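Since the structure comes first, as structure tokens, the remarks are kept for the end.
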Amino acid sequence: KGFVSFVVFAVVVVGGLFTVNNAINLGRQQGYQPEQPIKFSHITHACVHKIDCQYCHDGARRSKHSVIPAANTCMNCHKSIKVGSKYGTGELTKIFASIGYDPSTDKYIENYENLSDDEVKKIYTKWIADTYIQDKGSLDADGEKLINEQWDGIVEALTDEEIGDNKIQGPINWVRIHNLPDHVYFNHSQHVTVAGLECQTCHGPVEQMEVVSQYAPLSMGWCVNCHRKTEVKFADNKYYDNYYQLYHDQIKMHKRDKVTVEDIGGTECQKCHY
-11 KGFVSFVVFA VVVVGGLFTV NNAINLGRQQ GYQPEQPIKF SHITHACVHK IDCQYCHDGA
49 RRSKHSVIPA ANTCMNCHKS IKVGSKYGTG ELTKIFASIG YDPSTDKYIE NYENLSDDEV
109 KKIYTKWIAD TYIQDKGSLD ADGEKLINEQ WDGIVEALTD EEIGDNKIQG PINWVRIHNL
169 PDHVYFNHSQ HVTVAGLECQ TCHGPVEQME VVSQYAPLSM GWCVNCHRKT EVKFADNKYY
229 DNYYQLYHDQ IKMHKRDKVT VEDIGGTECQ KCHY
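Numbering (the numbering used here), first residue to last: -11 to 262.
Right, here's the structure in full:
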């Protein structure tokens, strides 16, 4: 009887622990790494070419949202760089087809929204074929196969029957990776501009990621622990000159050597939940 009771007790404890841990992690996506409609390499852009994160995600410094860059941002560089170093014409042509840019003529296509699929196909398969011929000297069976594969890739990337999007023309439907609960308020500019945090603090070494994944758990405990240990940069931000005078005085009198985000209310519920 005693042994049976012990086994039942152990099962209840272990089962309860398992249930609680899984309930706590419900909805969290640490390690989530979805396939995107366009193979965008952060290694190529952020590591090899040293492009600043905020050049593309320019909302991070001035708003709540970091923003996913529009294809217009891509075109600032790719009107000149039309063939990718890793994927050739395969991925960049998807951007051109999305926005209506003809790389063969270096011009945006007039009335592009109203072109038929066949007309769009003619424009971009010609570009893929011409690029192949320029590289190989002639269009052979491998070239024909490449054209068909890349065109199928364009259609797959830029259309989505599940949401009724059957047009190649239009915005790219990127797959969202980082997704906080609706009841959590997070402001990128507060962290990037005011706090001066590096993007990698939350997003990890993105410059080393061929395919981006969610680096941090983004749980409440993870955020709170960061607020407990992160120091407020009083010296670098004039906003704080006339605030928290007590802390300024304590630092001058060597009664404290730092002020954390927690000290100025960074762990109060209302800071993130309201």
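Backbone N, C-alpha and C define an ideal beta-carbon position, used for all residues, glycine too. Keep in mind that this is a model prediction, so the values were computed, not measured.
Judged by DSSP secondary structure, Lys67 falls outside any alpha helix (DSSP H); it is assigned neither H nor E. Cβ neighbours of Phe84 within its own chain (closer than 6 Å, five residues either side excluded): Pro91. For Asp224, the secondary structure class from DSSP, reduced to helix, strand or coil, is helix. When the five nearest sequence neighbours on each side are left out, the beta carbons in the same chain lying within less than 7 Å of the beta carbon of Gln138 are those of Thr77, Gly78, Thr81 and Ile116, in order along the chain. Shortest Cα-Cα distance from Tyr231 to any of His30, Thr218 and Val247 involves Val247.
With a threshold of 16 other beta carbon atoms within 10 Å, Thr93 falls short and is exposed. Under the 10 Å beta carbon count, His45 is surrounded by 16 or more other beta carbons and is classified as buried. DSSP, read as helix, strand or coil, puts Thr81 in helix. When the beta-carbon positions are compared, His166 and Gln202 come within less than 8 Å of each other. For Leu146, the uninterrupted alpha helix (DSSP H) segment begins and ends at Ala129 to Leu146. Taking C-beta atoms as the reference points, Thr181 and Arg49 count as a pair closer than 8 Å. With a cut-off of 8 Å on Cβ pairs, the segment 196 to 212 is in contact with the segment 31 to 41, counting three or more such pairs.
Counting along the chain, the unbroken alpha helix (DSSP H) around Val108 starts and ends at Asp105 to Lys124. Within the same chain, Cβ atoms closer than 7 Å to the Cβ of His53 are found at Gly47 and His176, the five residues on either side in sequence being excluded. With contact defined as three or more Cβ pairs closer than 8 Å, the segment 60 to 69 and the segment 138 to 151 are not in contact.
At a Cβ-Cβ threshold of 8 Å, Asn161 and Pro25 count as neighbours. Excluding the 5 residues flanking it on each side, Asp105 has same chain C-beta neighbours closer than 7 Å at Ile156, in chain order.
Under the DSSP assignment, Met208 falls in the alpha helix (DSSP H) whose first and last residues are Met208 to Lys217.
In the DSSP assignment, Thr248 is bridged to Glu219. Counting only residues of its own chain and dropping the five nearest sequence neighbours on each side, His236 has no CB closer than 6 Å to any other CB.
Taking C-alpha positions only, Ser126 is separated from Thr147 by approximately 31 Å. In the DSSP annotation of this structure, the continuous segment of the alpha helix (DSSP H) that includes Asp237 starts and ends at Gln233 to Lys240.
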